[in-house]
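Chemist: Same order as they appear, the protein sequences are chains A and B.
Everything in the first sequence is counted per the working numbering, starting at 300 for the first residue and increasing by one.
Everything in the second sequence is counted per the working numbering, starting at 300 for the first residue and increasing by one.
Protein chains: 2
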Amino acid sequence: MLPDLATIAPQGCGPIRSGAAAIPAPLRQQIVESVRAAGAIARVDLAKQLDVSPATITSLVPELIGNGLLAEDLAPVRQGQRGRPPTALRLVPQAAYVVGLKLAEFRHTAVLMDFAGGTVAEAAWDRANPQRDIGQLATEARQLVDRLLTQAGIPCSLVLRAGVGLPGFIDHRTGTVHWSPLLPDGEVALAARLSTALGVPTTIDNDANLLTLAELWFGHGRAHSDFVVVTIEQGIGMGLALGHGLYRGENAFGMELGHTKVQLDGALCRCGQRGCLEAYISDYALVREASTALDLSVREAQPAQIILDALHDQAKAGNEAARSIFRRAGRYMALGLANVYNLFDPSLIILSGGRMRYDYLYADEVLAEMATQIIQTNRPPPRFEINAWGETGWSRGAAVLALTEATATLCIPEVLA
Amino acid sequence: MLPDLATIAPQGCGPIRSGAAAIPAPLRQQIVESVRAAGAIARVDLAKQLDVSPATITSLVPELIGNGLLAEDLAPVRQGQRGRPPTALRLVPQAAYVVGLKLAEFRHTAVLMDFAGGTVAEAAWDRANPQRDIGQLATEARQLVDRLLTQAGIPCSLVLRAGVGLPGFIDHRTGTVHWSPLLPDGEVALAARLSTALGVPTTIDNDANLLTLAELWFGHGRAHSDFVVVTIEQGIGMGLALGHGLYRGENAFGMELGHTKVQLDGALCRCGQRGCLEAYISDYALVREASTALDLSVREAQPAQIILDALHDQAKAGNEAARSIFRRAGRYMALGLANVYNLFDPSLIILSGGRMRYDYLYADEVLAEMATQIIQTNRPPPRFEINAWGETGWSRGAAVLALTEATATLCIPEVLA
DNA sequence: ATATTTCTTTGAGTAACTAAAATAATGCTG
DNA sequence: CAGCATTATTTTAGTTACTCAAAGAAATAT
């Protein structure tokens, strides 16, 4: 019946994996990461969590303690039970430091983070005259870091790495910026530039990814293997965590929820295309509607934020036109979220951001409408969390970027000596 | 400046991984899989690919040969070069067999696959009177497998496992069907039922996932770590491969591209919601428009396929109304694909399916329009592949499901003895 | 024939574990 | 309070899964 059955797969079959198989993190590193995740944890529990024998933990821990990464804690993890009480292990916060920077058009923020993930110092930098200039950006970053260090009284030498996030299209593997509102057009090898400016190896990433990392490390995503983070600032950002890690897409250009199309030939977006979600719910979209629909006393040359605030006030005051503007934006938001849910099937969606001034987009009605637009099954309903970090969310995520790599380098046997 | 910096992370920070770290496949299994992927490969090349020393390969291979999984090949991999010619290793196809079944409403298909991934036999089963009955389905599956075995002259005992795919909401981990058009409503423990009916351990999965597996193993996806498969049959299916493996979503309910919303308060979908992509491009959507827009000679009680064919003919003949129906469907298809691309950022989108009768949705204009709706960067443009497998795609994917697990069990040291 | 090149095997050694027994530190019970 | 039960950690003696370096094998080039 078939012509040549034996020769159907002459060149073999099955996925062709290019690199080596995903190598698991060395056990020393896993120990450190587990201790950090737990805060304080006994050796037995570590053994259970990492699925190794207690003997293995015992044999590795003294080395980590000897290098000042780990310490035994006096306070026991458990009490009041029979048996020998466990001795808790903790990270030594002073073992290392990293900095995290979030660069933006009008205000940079920065944190100094210790080895245990604690925030040691914070700083911010308002940009009076933002230019799209690499040198300026590097100088500002340098000065921010200096502020952090003097504030905390920590010498430069203890800082191992830096993580930097900024808006735009960023390839974190190569450390190049393909496009960013902060930089001149064209490819910029920003990671290399900042590494020299800051004097420490520097990793860069998209700012939406930073927030996802922050949720993964400090927020609601800690206990979830897969979740989605949606953030509304200037535009709409999205981050995806898969398997307890950040997923960036094959080319690091994915997750563009804001430019997902929700209407054929729809509203004009600032990206030049039509029907983007962003063109219905971002501030400029609302301002566009406000200026035609409302009789605002000031109608020209006002910053978007002022008009938006006025619109918000009017809506609260009962102005039906203003209300309908927000209502429609909310409905499109629901549609966008439903699409994300139907595609990615996360068990958790985190609505996160620095300011959360777009509360109308996170209203209960929006989430309720979204719930009607997802595939109906008997699975548990989607969970939502709303998280307003303030400014620190982004920069702490950036610090995580650095801390992850710093931890890995500190845990290799040769470094431990 | 911050109130209580030291206590920001009192409970630790960082992702809380529930299970043990993702354990890499044992080397023996990796060897077998690499040999299968390559078809024939020398020990040196295996060592390079798997990033181990040649000595390791040498030490493990005799055991695999002794157990009849591997064999040395007479024909050398390379010739005409200096140096000792490499000896090729191949899988022994007869080492094991698995079956793959694709169950559907009107026609099941099945393949018998050997250890090397070759198709040994195929069979199909037309369902005269499809009922939503578990017993009937199990019997049909059993008879299909019997046909395969007698056709190939292979005893039942050599078949190690079965993989079965069907439409619906299926949890492959538990082997339960939450909903399927083939089965009565309510949860059905189909994997267990089929395991007893077929006499071998059976894994089940959603049919769109099968096609993704088929692309990963036999098709255009083999060399890609991340890609998307979109398939149009009755509805719209989607599969996602991440990191050379099938991604199923946290709850195995994701990838519902067809019920992604492309229009607020849009056309009514058979799922009961409005604005689903499926409501614009599936056959019933086109038929709905055809019956109002066209003066078809037969307008009632005709099967959808007949009306669709007539509509297609009219469009080709120049009927402007018919054309506009297809044109709109194509534009919505472009929108849906653009959304997938903007979110997942795959380097490859595969349009795949059994029949490919929906050629108007895969037309060049559609792909061109899609290209205008994606984020414009200087990255390489999205690659498309169109793949018409015929019937075997689905069932070969199902066999892959079984072969993956069979390979793993054959490669554990105790089994090799 | 001899040198060169490339592939494979051998043999010694090591890192990273494990299992099982021993030791330590507590609570409970009579 | 002594002794037992219980739980945590450490010690000891392997085992597994590799690596490295050198030797051996099989071809081509001179």
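Where a beta carbon is used, it is the ideal one built from N, C-alpha and C, also for glycine.
Quick one: what does DSSP say residue 505/A is sitting in, helix, strand or coil?
Modeler: Residue 505/A falls in the strand class under three-state DSSP.
Chemist: Interface residues of chain A around residue 559/B at Cβ under 7 Å?
Modeler: Result: 638, 641, 642.
Chemist: Roughly how many angstroms lie between the CA atoms of residue 549/A and residue 524/B, to the nearest whole one?
Modeler: Spanning the two alpha carbons is a distance of roughly 8 Å.
Chemist: If I'm right that residue 687/B touches residue 399/B with Cβ under 8 Å, what's the distance once you round it to whole angstroms?
Modeler: No, residue 687/B and residue 399/B are not in contact; Cβ-Cβ is about 19 Å, not under 8 Å.
Chemist: So which of 423/A, 419/A, 413/A has the shortest CA-CA distance to residue 407/A?
Modeler: Among 423/A, 419/A, 413/A, the Cα nearest to that of residue 407/A is on 423/A.
Chemist: So what does DSSP say about residue 368/A, is it helix, strand or coil?
Modeler: Residue state, collapsed to three classes: coil.
Chemist: My output table needs one value for residue 439/A: the three-state DSSP class, helix, strand or coil.
Modeler: Residue state, collapsed to three classes: helix.
Chemist: Note down, in chain order, each residue of its chain lying with its Cβ closer than 6 Å to the Cβ of residue 425/A, except the 5 sequence neighbours on either side.
Modeler: Cβ within range, chain order: 406.
Chemist: For residue 551/B, report the span of its alpha helix (DSSP H) as first-last.
Modeler: Careful: residue 551/B lies outside any alpha helix (DSSP H) and carries neither H nor E.
Chemist: Cβ of residue 507/B within 9 Å of Cβ of residue 536/B?
Modeler: Result yes, Cβ atoms of residue 507/B and residue 536/B sit closer than 9 Å.
Chemist: To the nearest angstrom, report how far apart residue 642/A and residue 555/B are at their CA atoms.
Modeler: So the two alpha carbons sit approximately 5 Å from each other.
Chemist: Between residue 524/A and chain B, is the shortest Cβ-Cβ distance under 9 Å, so that the two count as touching?
Modeler: So yes, residue 524/A belongs to the interface.
Chemist: Touching or not, the stretch 451-470 of chain A and the stretch 382-399 of chain A, by the rule of three or more beta carbon pairs under 8 Å?
Modeler: Flag = yes, the stretch 451-470 of chain A and the stretch 382-399 of chain A touch.
Chemist: I need the boundaries of the beta strand (DSSP E) containing residue 397/B, first residue and last residue.
Modeler: From DSSP, the beta strand (DSSP E) with residue 397/B extends over 396-401.
Chemist: Where do the N-terminal and C-terminal ends of the alpha helix (DSSP H) with residue 532/B fall, by residue?
Modeler: Note, residue 532/B: premise wrong, no alpha helix (DSSP H); not H, not E.
Chemist: Per DSSP, which residues does residue 460/B bridge with? Please list them.
Modeler: DSSP, once it has assigned bridges, lists 397/B as partnering residue 460/B.
Chemist: Using only the heavy atoms of the ligand NAD, determine whether one of them is closer than 8 Å to the beta carbon of residue 561/A.
Modeler: With respect to the ligand NAD, the structure offers nothing, as it holds no ligand at all.
Chemist: Give me, in chain order, the residues of the same chain whose beta-carbon lies closer than 8 Å to that of residue 716/B; leave out the 5 immediate sequence neighbours on both sides.
Modeler: Here the set comprises 366.
Chemist: Measure from the C-beta of residue 671/A to each C-beta in chain B and report whether the shortest distance is under 9 Å.
Modeler: Chain B contact via Cβ: present.
Chemist: In terms of residue numbering, what span does the beta strand (DSSP E) encompassing residue 423/B cover?
Modeler: 418-425 is the span of the beta strand (DSSP E), which, as asked, contains residue 423/B.
Chemist: Please report the residue range of the beta strand (DSSP E) in which residue 688/A lies.
Modeler: Element bounds for residue 688/A: n/a, residue is neither H nor E.
Chemist: Let me see if you follow: with CB-CB separation under 9 Å, is residue 533/A close to chain B or not?
Modeler: Chain B, which has no Cβ nearer than 9 Å to the Cβ of residue 533/A, makes this no.
Chemist: Taking only beta-carbon positions, decide if residue 634/A is within less than 9 Å of chain B.
Modeler: So yes, residue 634/A belongs to the interface.
Chemist: Can you name, in chain order, every residue of its own chain whose Cβ lies under 6 Å from the Cβ of residue 672/A, other than the five neighbours on each side?
Modeler: Excluding sequence neighbours, residue 672/A sits near 637.
Chemist: Under the assumption that residue 552/A contacts residue 468/A (Cβ atoms under 8 Å), give the Cβ distance between them as a whole number of angstroms.
Modeler: With a Cβ gap of about 6 Å, residue 552/A and residue 468/A count as contacting.
Chemist: Could you tell me which of 328/A, 323/A, 322/A, 485/A sits nearest to residue 707/A, measuring between CA atoms?
Modeler: Of the candidates 328/A, 323/A, 322/A, 485/A, the one whose C-alpha sits nearest the C-alpha of residue 707/A is 328/A.
Chemist: List the DSSP bridge partners of residue 470/A.
Modeler: Looking at the DSSP assignment, residue 470/A forms a beta bridge with 475/A.
Chemist: Report yes or no: is there a C-beta of chain B within less than 9 Å of the C-beta of residue 587/A?
Modeler: So, not an interface residue.
Chemist: Closest to residue 390/B by C-alpha separation, out of 559/B, 640/B, 605/B, 330/B, would be which residue?
Modeler: Checked all of 559/B, 640/B, 605/B, 330/B; the closest Cα to residue 390/B is 330/B.
Chemist: Run down chain A in chain order and give the residues with a C-beta less than 7 Å from the C-beta of residue 631/B.
Modeler: Correct list: 563.
Chemist: Using beta-carbon positions only, say whether residue 648/B and residue 528/B come within less than 9 Å of one another.
Modeler: For residue 648/B and residue 528/B, yes; Cβs fall inside 9 Å.
Chemist: Check the DSSP bridge columns for residue 408/B and list the partner residues they point to.
Modeler: Bridge partners of residue 408/B: 401/B, 423/B.
Chemist: Can you tell me the Cα-Cα spacing of residue 689/B and residue 639/B, whole angstroms?
Modeler: Their Cα atoms are separated by approximately 25 Å.
Chemist: Here's a check: name, in chain order, each residue in its chain whose Cβ is nearer than 7 Å to the Cβ of residue 302/B, leaving out the five neighbours to either side.
Modeler: Its pLDDT being 34, under 50, residue 302/B is placed unreliably in this model, and the value from its coordinates should be taken loosely. No residues qualify anywhere along the chain.
Chemist: Taking a cut of 7 Å between CB atoms, which residues from the stretch 333-364 of chain B lie near chain A?
Modeler: Listed by position along the chain: 335, 336, 337, 338, 349, 350.
Chemist: Determine whether the beta carbon atoms of residue 561/B and residue 631/B lie at a separation below 9 Å.
Modeler: Against a cut-off of 9 Å, the Cβ pair of residue 631/B and residue 561/B comes out as a contact.
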